[in-house]
Structures are given as C-alpha cells and as structure tokens.
Amino acid sequence: MSRAFAALADPTRRAILERLAAGEAGVVELAEASTLTQPAITKHLKVLERAGLIGRSRDGQRRPARLQLEGLAPADDWLRRAHAAWSGRLDRLEAHLAAQTEKNES
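Residue numbers for the sequence shown follow the working numbering, so the first one is 2 and each next one is one higher.
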C-alpha cells in the first residue's frame, strides 16, 4: 500500500494512469503525449509496476502498459476505512459543539 501511495503522489504518474484508463499504451505513445523523454517515462512505469498499479506485456519489441485496478484495492480499502472513521469523529465533534453552543445560549 505504501508503494501505491508513493506512486500516486507524483502528478506525472497520475497522468500516466489516467491515460492508461483509456487503454493500454507503450512508452513511445506515452512519451508523445508528454514533455518527458522515453527513459523518464520508462522510470515512471517501473515505479507504477512495482506498486502493482500497472501491468506490462510483451508484443514483439513493444511492451504496452495497462492499468491494473486491483492494485488500487488496498489503497481504496484504507481510504474507505479512514473516511468512515473520520466522518464518525467529525459527526461526534459537531454534535458536541452544537450541545455546547446550546448550553451556553441557555
């Protein structure tokens, strides 16, 4: 999960994931849609692959990358749990502050 969050922290890698959401793409295609060089794109793809967010296959000389949504599952689960916990805490704080305000107005 830490690798996924670290990979997602970079805006370039998020842009690559957004592009891959539309379908698989190779390094050349990703570089053409970016200001980055092919070696820089390759480095970003390796980070995404190690994080389990993309998969790569071999098609002759080409190694197209594709989005792997299951790689996002641990991060998504953690975010859902954190959201539920914080929502509950904030609801309790709101109720407490409303009670305090009501008590002070009496």
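Virtual Cβ for every residue (Gly too), placed ideally from N, Cα, C.
According to the DSSP assignment, ALA66 belongs to the beta strand (DSSP E) that extends over 66 to 68. Bounds of the beta strand (DSSP E) holding ARG57 are 55 to 57.
Put simply, the backbone Cα of VAL28 is about 11 Å away from that of LYS47. For GLY72, the number of other beta carbons within 10 angstroms of its own is at least 16, and it is reported as buried. In this structure, ALA5 and GLY53 form a Cβ contact; the two beta carbons are roughly 7 Å apart against a cut-off of 8 Å. By the neighbour-count definition (other C-beta atoms within 10 Å, threshold 16), ALA23 is an exposed residue. Check the Cα spacing between ALA7 and each of GLU33, ALA41, GLU50, ARG20: the tightest is with GLU50.
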